[in-house]
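All remarks here apply to the structure that follows.
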Amino acid sequence: MHCRVWKNGKLIGTEVARDKILDALRDPDHLVWLDLVEATAEEFAWIAEAFQLAPTEIEDITAPHERPKVTRRGTHLFFTTYSATVVDGELRMRRISGFVLPQGMVTVRQADFPIEAALRTWEENADLLAHGPRALVHGLMDSVVDGHFETIQTFDDRVEALDDVLFERERTGPDFLREIYGLRRDLVSLRRVVLPMREVVNALVRHGGRTDPDLDPWFDDLYDHVLRAGEWTDSLRDLVSSIFETNLSLQDARLNMIMRQLAAWAAIIAVPTAITGWFGQNVPYPGFSQTWGFWASVLLIVAGSAGLYWAFRRRGWV
């Protein structure tokens, strides 16, 4: 459990006894952030009882596969969202849920959720914390969206790398297709947490209580970032699909070229086959058992093969 307490935007404590946390959360002169890591429903029961949280909300903080969302109940908001990071080439998404109370915010997160980014955001914009819990929510969501941007940029670099080797015949084999498939799968997973952020930020603005002229521009900027992240994710997914389809088209074109080359060489080889097959029959023919007949057959083979080669060469078949 972690806790921070601010008064008039200034940090006054990072360690608060458990029996005093509830008093701090009810004190109108304080702003409190309480953070629980890997908390179970039983470990969260004392908070739920103190603020009369709904059983469905307690279930949502522990149930797997919850989608990003914001709901309002009574005097508090409940939210769920996901961070997205790439570690060793693998997409990892970690969940954080929370309750926005009149005098603070309580979060329940997975152990490896990157909460340090939110702490830095609050420290860099400490003057905003004087405006209450909405500032805490904004800092948390802003750090989450910034993480989405970094992840999307990583995927964008991978897409550019695929684009560079798309027209290189020797490098577009099974490994290339495996990379495309993995990237497309990760983008689909990322899209599931990026796109719902539009509704999350909208709901935070809509249900966040009275508007604040000092905070509203920050939420507007946050919403703009969310829109850009969603559009960027969609464009990358479309681009990966285009790369996959283009690769298939290139494979078909290369197969057609190979078939034409095989057909051309088969036609060229057919000339000496026809001539030697004819002269190889056990019947007399012009030049039979004569030196000039041998050279005549050689000349026909060379001339016929060269003529076909020249004709196919003009058409780009060989």
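For what it's worth, the numbering used here labels the leading residue of the sequence shown as 11, then goes sequentially.
All residues carry an ideal CB built from backbone N, CA and C; glycine is no exception.
Since the model is a prediction, treat every value here as computed from it, not as a measurement.
| Item | Value |
| --- | --- |
| Residues near F89 by beta carbon distance below 6 Å, same chain, minus five either side | V80, G108 |
| Contact between the segment 146-162 and the segment 234-245 (3+ Cβ pairs under 8 Å) | yes |
| Sequence-distant residues of its chain with Cβ nearer than 8 Å to L176 (five each side left out) | T182, I253, T256, N257, L260 |
| Contained alpha helix (DSSP H) runs [length at least 4] in the segment 34-66, N- to C-terminal order | 55-61 |
| Start-to-end residues for the beta strand (DSSP E) that takes in A94 | 86-97 |
| Nonlocal neighbours in the same chain, by C-beta distance under 8 Å from L197, ignoring five residues either side | F165, T243, L246, R247, V250 |
| Proximity below 9 Å, CB of R14 to CB of L21 | yes |
| C-beta atoms of R82 and S93 nearer than 9 Å | no |
| Beta-carbon contacts of G114 that lie in its chain and below 8 Å, excluding the five residues immediately before and after | A34, L35, H40, L41, V42, W43, L44, P143, L146 |
| Bridge partners - K17, DSSP secondary structure assignment | K20 |
| Three-way DSSP call (helix, strand, coil) for V26 in this model | coil |
| Residues sharing a beta bridge with V110, DSSP | L87, M115 |
| Assigned secondary structure, L101 (DSSP; H/G/I helix, E/B strand, else coil) | strand |
| Per-residue DSSP class, three states only, for H12 | strand |
| Where R82 sits in the DSSP three-state scheme | strand |
| Beta carbon of N212 nearer than 9 Å to that of Y233 | yes |
| For H12 and A60, the rounded distance between their alpha carbons | 18 Å |
| Other residues of its chain near L46: CB distance less than 6 Å, five sequence neighbours each side excluded | M11, V118 |
| Helix, strand or coil at S299 according to DSSP, with G and I counted as helix | coil |
| Beta carbon of H148 nearer than 9 Å to that of W56 | no |
| Selected residue, minimal CA-CA separation from A51, among A263, E67, P38 | E67 |
| Chain-order list of residues whose beta-carbon lies under 7 Å from that of D222 (same chain, five-residue window excluded) | H141, R144 |
| Outcome for W206 when other beta-carbon atoms lying within 10 angstroms are tallied against a minimum of 16 | In the sequence on display, residue 206 carries Pro and not Trp. Buried, since its Cβ has 16 or more Cβ neighbours within 10 Å. |
| Secondary structure of A329, DSSP reduced to three states | Residue 329 lies beyond the stretch modelled for the chain, which goes from 11 to 328, so this question has no answer here. |
| Cut-off 8 Å between Cβ atoms - residues of its own chain near V169, not counting five sequence neighbours on either side | L193, L246, L249, V250, I253 |
| Whole-number beta carbon distance between T85 and P65, since they are thought to touch under 8 Å | About 17 Å separates the two Cβ atoms, so there is no contact after all. |
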